[in-house]
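The structure under discussion appears below in the form of structure tokens.
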Amino acid sequence: MRGIKLALMAALIAVMGVGLNVGTATPAKAEGEIAGQFDYYVLALSWSPNWCALEGDARKSDQCDPRHDHGWTLHGLWPQFHRGWPSYCRTAEAPPNRQQTRQMADIMGSPGLAWHQWKKHGTCSGLSPRAYFELSRQAYGQIKRPAAFRKLQQPVTLPASLVEQAFLQDNPELASNTLTITCRDGHIQEARICLSRDLQPVPCGRDVIRDCAQKNAVFEPIR
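The structure is reproduced here in structure tokens:
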């Protein structure tokens, strides 16, 4: 454990160059499936400063305003098959209202993302919007986001495996086969954690556990 902490802090202090992009194959997905038919959830946590650097700043997204102090934000809670995933499912549930999506902005960054996540993934959960958002908030809250990353003062580069080790160290209930770290355009993108329907850690399927092997991924500091 001490070795992991020392390696993490050393990587956070060392400022290096921008890494290379790591691509992965995209597995087949389903659309229009029946709500409630899935095997497990994927909890996707996005490092907001990296998203802002790659995309949000160009959009002039309010999520990127320093007043929000966003670090690891909730991208979504995704129903998943052991192979592939459902999306845009057929459901009898009414869509969320503006108040419901606005209330998710504190951990998701924007009401628009909350709406999109309901439309694409929440409809497949078999839950109402209220229950789906409550479950998403519960899943987000039970995972400890490593505090060390909030101490960055400037961009650094580090191995994606070090980010995974930081999550495993702070969440002893997780195992390496229940968590994967993704990269995009040379940046750490997300931590994805596989959970059962009652939010217990479970092994990820083969199309989820696609670890970024990048050794010099960019990590932007909180604004």
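According to mature numbering (1 follows the signal peptide of the UniProt record, and there is no 0), the residues represented by the sequence shown are -30 to -1, 1 to 193, in order.
Ideal Cβ positions, reconstructed from N, Cα and C, are used throughout, including at glycine.
Runs of beta strand (DSSP E) wholly within the region 32 to 83 (minimum 3 residues, chain order): 42 to 50
Cα-Cα separation between His52 and Gly175, rounded to whole angstroms: 5 Å
Outcome for Glu104 when other beta-carbon atoms lying within 10 angstroms are tallied against a minimum of 16: exposed
Cβ-Cβ separation, Ile113 to Ile151 (assumed contact under 8 Å), whole Å: Not really, about 13 Å apart at Cβ, beyond 8 Å.
Close beta carbons around Glu143, own chain, < 7 Å, minus the five adjacent residues each side: Pro171
Short CB-CB distance (under 9 Å) between His86 and chain D: The question asks about chain D, but that chain is absent: this structure has only one protein chain.
Chain-order list of residues whose beta-carbon lies under 8 Å from that of Arg68 (same chain, five-residue window excluded): For Arg68, where only same-chain residues beyond five positions count, the Cβ hits under 8 Å are Pro81.
Ser95, buried or exposed, once every other Cβ within 10 Å from all chains shown has been counted against 16: buried
Beta-carbon spacing of Leu149, Ala161 below 9 Å: yes
Exposed unless 16 or more other CB atoms sit within 10 angstroms - verdict on Thr(-5): Bear in mind that a pLDDT of 40 at Thr(-5), under 50, signals an unreliable position, so the model cannot answer this.
Supposed close pair Leu138, Ser146 - CB separation, criterion 8 Å: 7 Å
Three-state secondary structure assigned by DSSP to Cys174: coil
Beta-carbon spacing of Ala101, Thr61 below 9 Å: no
Alpha-carbon to alpha-carbon, Arg154 and Thr(-7): With a pLDDT of only 35 at Thr(-7), under the threshold of 50, the placement of this residue in the model should not be trusted; the figure read from the coordinates follows. Rounded to whole angstroms, Thr(-7) and Arg154 show a C-alpha spacing of 10 Å.
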